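Below: one structure, written as structure tokens.
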Ligand code: CTP
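Next comes the structure, spelled out in structure tokens:
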């Protein structure tokens, strides 16, 4: 996403400047070409040399640098940018931008650029809550400026409250979103992910090897493309994607309830969860003791959540299922597609190398309701996630 992109990182004066160093490192690691502009005040906190060394590019501080600039500095930087980020952004720089003041290299460049501008404020809580600041922020938002909201915590000034610079990793995620075409804006997407756990007794359960990686990748990709995303997830060790509504569940019954509560309003539902087909008929109330040499568990069938969604499917709603198979991939997936009234099914042979549970890659075949079938090569789950969403959007556009 950042490969080949030119990012201008504007750094203004505040104690959080050290976190901008970390953000720069993350941007460079992600493949961006970063040009740093520092205000005079920022140079009081960290020297330009730090940013210059990490970015591999000269740091810009002067509006008029007659010795090194052949072009008009602020205009050439502004034109080159795919994205501008100001982190940390003081109340002062936000006030200037909101009121069209361009009196240094950073504010001049920000006014001259056509690239999206992402602002990560950091300031004292009382400054942040000041109505003048809030008006300035709202004004910039109305003009299309993006914000990575500050978080609450202990502030360097001694106060506690909202005003701490957002974590660099989260600013990076917002930057990724700013660089992504918002072709899913206005759409509501419901994704399920991970395994379910069916209790045997208070300490044991039946589950499967699903890690949640595929579903989490789909939820993240949809959110980066502008959708409002709800992720209903079984137990997973993964960090939830930024900006999605996470609903944590354990059992298939809980997943069914959570999904049905939210399905009616969804434009697109992607059911990537590996739902347990059976649950223990009567889970023990206390830990079971190992009294006999053999133990028989009686299992009863869980509701098929996806089939239920297929029955309830609203007009224009796109329903995508997954099929985890170890044999007869295409035939079995086609049967599920028809039986569950899906628009599309993503079939994967979970026994193939590089595919299925707990790995970062997958090999999938996509089957449509009209009989089309497409085989994708071995790809990362991120790439498969975008591939699935691309096809869902095409399917919606075709009005099928
Ligand atoms: N699914 C579901 N609820 C279930 C079982 C499966 O919603 N109780 C969904 C899965 O999320 C997936 C699709 O149905 O999108 C297919 O799941 P899969 O495990 O491949 O197949 P099953 O329908 O369970 O059939 P079988 O186990 O016989 O292969």
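Numbering (the working numbering), first residue to last: 2 to 401. Glycine residues also receive a C-beta, built at the ideal position from the N, C-alpha and C atoms. Being a predicted model, the structure only gives us computed values, none of them experimental.
Judged by the Cβ position, residue 362 fails to qualify as a neighbour of the ligand CTP at the 7 angstroms threshold, every heavy atom of the ligand being at least this far. For the pair residue 308 and residue 342, the Cα-to-Cα distance works out to about 7 angstroms. The ligand CTP has a heavy atom closer than 7 angstroms to the beta-carbon of residue 322. Secondary-structure assignment with DSSP links residue 199 through a beta bridge to 207.
Taking non-hydrogen atoms of the ligand CTP into account, the C-beta of residue 329 is found less than 7 angstroms away from none of them. Excluding the 5 residues flanking it on each side, residue 315 has same chain C-beta neighbours closer than 7 angstroms at 265, in chain order.
With a threshold of 16 other beta carbon atoms within 10 Å, residue 311 meets it and is buried.
A residue is called buried when at least 16 other Cβ atoms come within 10 angstroms of its Cβ; residue 306 meets this threshold and is buried. By the CB criterion at 8 angstroms, residue 6 and residue 84 fall inside the cutoff. Listed in chain order, the non-local C-beta contacts of residue 110 below 7 angstroms within the same chain comprise 9, 38, 75, 78 and 79, local neighbours out to five positions each way being set aside.
Here the alpha carbon of residue 221 sits roughly 34 angstroms from the alpha carbon of residue 301.
Taking 8 angstroms as the cut-off, the beta carbon of residue 358 is found closer than this to the beta carbon of residue 212. Comparing alpha carbon positions, the residue from 3, 194 and 45 closest to residue 19 is 45. Sequence-distant partners of residue 146 (beyond 5 residues in either direction) whose C-beta falls short of 7 angstroms from its own C-beta, in its chain, are 118 and 120. Around the Cβ of residue 376, a 10 Å sphere holds fewer than 16 other Cβ atoms; the residue is exposed.
Fewer than three beta-carbon pairs drawn from the region 189-204 and the region 17-31 are found closer than 8 angstroms, and the two stretches are therefore not classed as touching. Secondary structure note for residue 140: its alpha helix (DSSP H) is the uninterrupted segment 132-143.
Going by DSSP, residue 391 is part of the alpha helix (DSSP H) stretching over 382-398.
Remark: fewer than three beta-carbon pairs, one from each stretch, lie closer than 8 angstroms, so the region 241-260 and the region 181-188 are not flagged as touching. Beta bridge pairing from DSSP links residue 155 with 161. In the three-state reduction of the DSSP assignment, residue 349 falls in the strand class, which pools E and B. DSSP places residue 215 in the uninterrupted alpha helix (DSSP H) bounded by 214-225.
Here residue 167 has 121, 149, 150, 151 and 152 as same chain residues with Cβ atoms under 7 angstroms from its own Cβ, once five neighbours each way along the sequence are excluded. With a beta-carbon spacing of about 7 angstroms, residue 232 and residue 246 fall inside the 8 angstroms limit used to define contacts. Close CB contacts of residue 282 within its chain, under the 6 angstroms cut and outside five residues either way in sequence, are with 299 and 301 (chain order). Collapsing the DSSP output to three states places residue 364 in coil. Residue environment for residue 198: buried (at least 16 other C-beta atoms within 10 angstroms of its C-beta). Rounded to the nearest angstrom, the gap between the Cα atoms of residue 303 and residue 255 is 11 angstroms. Considered as a whole, the region 39-69 harbours 41-46 and 49-56 as its complete alpha helix (DSSP H) runs of no fewer than 4 residues, in chain order. Residue state for residue 376 is assigned as strand, using DSSP reduced to three classes.
CA-to-CA, the gap between residue 332 and residue 318 works out to about 25 angstroms. Residue 157 is a Cβ neighbour of residue 16, given a cutoff of 8 angstroms. When DSSP states are grouped into helix, strand and coil, residue 122 belongs to the strand group.
Relative to the Cα of residue 196, the nearest Cα in the group 371, 234 and 267 belongs to 234. Rounded to the nearest angstrom, the Cβ distance from residue 164 to residue 123 is 7 angstroms, consistent with a contact under 8 angstroms.
Per DSSP, residue 180 is one residue of the alpha helix (DSSP H) stretching across 169-180.
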